[in-house]
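Just so you know, we're using the numbering used here here: the sequence shown kicks off at 59 and counts up by one.
We put the CB at the ideal spot given by N, CA and C, even for glycine.
All figures in this text were calculated on a predicted structure; none of them were measured in a lab.
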Amino acid sequence: MDTGPAAKEGAAGPVAVQADRTGAEAVPTLLAGLRAAEPALVLIFGARGDDLSHLDAGLREGLPEGCVIAGCSSAGEIGPSGYASGSVVAIGFPSGSFRARSIVLDNLSSLPVSHWMSSLRRMQAGFSPDPRRSLFGLLLVDGIAGQEDALVATIDAALPAVPTLGGSAGDGLDFRSTSLLAEGRVFSNAAVFLLVETDLAVSEVTFAHFSPTATRAVVTAAIPDKRRILELNAEPAAEEYARITGIPPERLTPTEFARHPLLLRMGRRHHVRAISALTDDGGLSLMSSIDTGTVLTLGRAEDLTQGFAEALEALPRPPLMVLGFDCILRRLALERAGLTQAMSDLFTRYRVAGFNTYGEQHSGMHVNQTFVGLAFMTPPEAGLGPSGHHDAA
Numbered sequence: 059m060d061t062g063p064a065a066k067e068g069a070a071g072p073v074a075v076q077a078d079r080t081g082a083e084a085v086p087t088l089l090a091g092l093r094a095a096e097p098a099l100v101l102i103f104g105a106r107g108d109d110l111s112h113l114d115a116g117l118r119e120g121l122p123e124g125c126v127i128a129g130c131s132s133a134g135e136i137g138p139s140g141y142a143s144g145s146v147v148a149i150g151f152p153s154g155s156f157r158a159r160s161i162v163l164d165n166l167s168s169l170p171v172s173h174w175m176s177s178l179r180r181m182q183a184g185f186s187p188d189p190r191r192s193l194f195g196l197l198l199v200d201g202i203a204g205q206e207d208a209l210v211a212t213i214d215a216a217l218p219a220v221p222t223l224g225g226s227a228g229d230g231l232d233f234r235s236t237s238l239l240a241e242g243r244v245f246s247n248a249a250v251f252l253l254v255e256t257d258l259a260v261s262e263v264t265f266a267h268f269s270p271t272a273t274r275a276v277v278t279a280a281i282p283d284k285r286r287i288l289e290l291n292a293e294p295a296a297e298e299y300a301r302i303t304g305i306p307p308e309r310l311t312p313t314e315f316a317r318h319p320l321l322l323r324m325g326r327r328h329h330v331r332a333i334s335a336l337t338d339d340g341g342l343s344l345m346s347s348i349d350t351g352t353v354l355t356l357g358r359a360e361d362l363t364q365g366f367a368e369a370l371e372a373l374p375r376p377p378l379m380v381l382g383f384d385c386i387l388r389r390l391a392l393e394r395a396g397l398t399q400a401m402s403d404l405f406t407r408y409r410v411a412g413f414n415t416y417g418e419q420h421s422g423m424h425v426n427q428t429f430v431g432l433a434f435m436t437p438p439e440a441g442l443g444p445s446g447h448h449d450a451a
């Protein structure tokens, strides 16, 4: 059994446990690490299809009645020892500090927005949050359906006071189909939304290893629902992208796309609009939606690890655990740079657990090539706000 530092030290934070994904001992191993926490919520990352069903059934028999179990398949896992593959990671949120409820938002391809909004509002109304505790949302969504942008906007509109973050379920590096688990069933073409309340302090952690350059381009033709740019600056998109990056068209590969992403500015922040491939008609296929008229900025890659460590070091207190959603494109970039172990060491030091995604969601946005996480810390002292900072007068 591989159990996270929070469990080993007996802290009140979430507990992470890892096991072989298909091993016969997966359920007993996970239960052995989760039981002591008496969890109100368990998240499972890494398994898919029938394996998810098997884990769900086994865990329900050994965990407290009423424990909410949800999860999804992944493009890789983040366990107690950092990056992993072929494993399953389970994270237990102790009932002494957490309360949770889940809902399935199905039929993504049809975008039943009105139905989703009604369901989300009913869910919140029935949850009766405690104003003295922190409330947040977690989102797990089919990473193949391609509807994250509309879904995140819907959640943000329906529950504007609930900060929500999450990740798009993965399928290794196959990009064929993903699986989601909730309410004892396995889904695709769906999303799972969890409303969670805690008496711990929480703080969002986001990191993208890019900075904006002075180079901008206007999307002059696009197909938003297909996440495709046809033209940049009134030129064929791939041709113009090659020109502004200085990369010959024949050398436009996923590696180069990852090194030179397009950034979308919203407020004071730039969000990555990752390129996944060239299209047969000379366009660019993206991993997020894009509209005609959008102004994009060319990004420049920076240090993959230093900024991440600084973001975690800036937390008000050392985290009991950080629930992390880390883009698979970031992990691939780390592997190419020979920094996988360095990042795994950081994950272990700051108690990060979660999975590698096909996309990340935070602040009402769907993004790529970004780490999005939620740090759980000991409750703040009297007079401090929920994130450990002084409340405004």
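Let me know the secondary structure DSSP gives P438 once reduced to three states.
coil
For the segment 373 to 380 against the segment 107 to 116, do three or more pairs of beta-carbon atoms, one drawn from each stretch, fall closer than 8 Å, so that the two count as touching?
no
Grab me the residues of R317's own chain with a C-beta within less than 7 Å of its C-beta, minus the 5 sequence neighbours each way, in chain order.
A359
Helix, strand or coil for G62 per DSSP?
Residue placement at G62 cannot be trusted, given a pLDDT of 46 that sits under 50; what the coordinates show is reported in the next sentence. Three-state DSSP puts G62 in coil, outside helix and strand.
Would you call the segment 161 to 178 in contact with the segment 70 to 84, where contact means no fewer than 3 C-beta pairs closer than 8 Å?
no
Would you identify the three-state DSSP class for S445, choosing helix, strand or coil?
Low local confidence applies: a pLDDT of 43 at S445 is under 50, so the model's placement there is unreliable, with the coordinate-based value given in what follows. Reduced to three states, the DSSP call for S445 is coil.
Extent of the continuous alpha helix (DSSP H) to which M345 belongs
Segment: none, M345 is in no alpha helix (DSSP H) and carries neither H nor E.
If you draw a straight line from the alpha carbon of A280 to that of P72, how long is it in whole angstroms?
43 Å
If you check the beta carbons only, do P270 and L321 fall under 8 Å apart?
yes
Hey, quick one: how far does the alpha helix (DSSP H) through Y299 stretch, first residue to last?
A295 to T303
Any alpha helix (DSSP H) of 4 or more consecutive residues that is wholly inside the segment 380 to 409
386 to 394 and 398 to 407
Length-filtered (4 minimum) alpha helix (DSSP H) runs lying within the segment 134 to 221:
171 to 185 and 206 to 216
Could you tell me the boundaries of the alpha helix (DSSP H) in which D109 lies?
G107 to G120
Below 8 Å, can you find three or more Cβ-Cβ pairs linking the segment 404 to 411 to the segment 201 to 214?
no
Start and end of the alpha helix (DSSP H) containing E308?
Neither: E308 is in no alpha helix (DSSP H) and is coded neither H nor E.
Nearest-angstrom Cα separation, counted from E297 out to L342
10 Å
DSSP three-state assignment for Q427, whether helix, strand or coil:
coil
Supposed close pair S156, L88 - CB separation, criterion 8 Å
Per the sequence shown, the amino acid found at residue 156 is Phe instead of Ser. Not quite, the Cβ-Cβ distance comes to about 18 Å (not below 8 Å), so this is no contact.
Is the number of C-beta pairs between the segment 323 to 335 and the segment 365 to 377 that are closer than 8 Å three or more?
no
Proximity winner among I213, L196 and P438, relative to R179 (alpha-carbon distances):
I213
Check each candidate in T355, L344, I305 and R388 and name the one with the smallest Cα separation from D361.
R388
Check for me: the beta strand (DSSP E) holding A369 runs from which residue to which?
Here A369 belongs to no beta strand (DSSP E); instead the alpha helix (DSSP H) covers Q364 to E371.
Helix, strand or coil for P282? Go by DSSP, reduced to three states.
helix
Reduced DSSP category for P270 - H, G, I as helix; E, B as strand; rest coil:
strand
With P312 as the anchor, note down where its alpha helix (DSSP H) starts and where it stops.
P312 to R317
Close-in-space but distant-in-sequence residues of the same chain around A95 (CB under 7 Å, 5 per side omitted):
V73, G150 and P152
Please name the residue or residues paired with E123 in a DSSP beta bridge.
None, per the DSSP bridge assignment.
Span of the beta strand (DSSP E) around A292:
Taken as a continuous stretch (DSSP letters only), A292 belongs to no beta strand (DSSP E), as it is neither H nor E.
Using a beta-carbon distance below 8 Å, is P270 in contact with chain B?
Looking at the structure shown, chain B is missing, and only one protein chain is on hand.
So, using beta-carbon positions, are E135 and G104 closer together than 8 Å?
yes
Please tell me whether, using a cut-off of 7 Å, the distance from the CB of C130 to the nearest non-hydrogen atom of the ligand HEM is below it.
For the ligand HEM, the structure offers nothing, since it holds no ligand at all.
Are S235 and P374 close, meaning C-beta to C-beta below 8 Å?
no
What residue from A372, G396 and C125 has the CA that sits closest to F265's CA?
A372
Thinking C-beta only, is P437 closer than 8 Å to N258?
Looking at the sequence shown, residue 258 is not Asn but Leu. Yes, Cβ-Cβ distance for L258 and P437 is below 8 Å.
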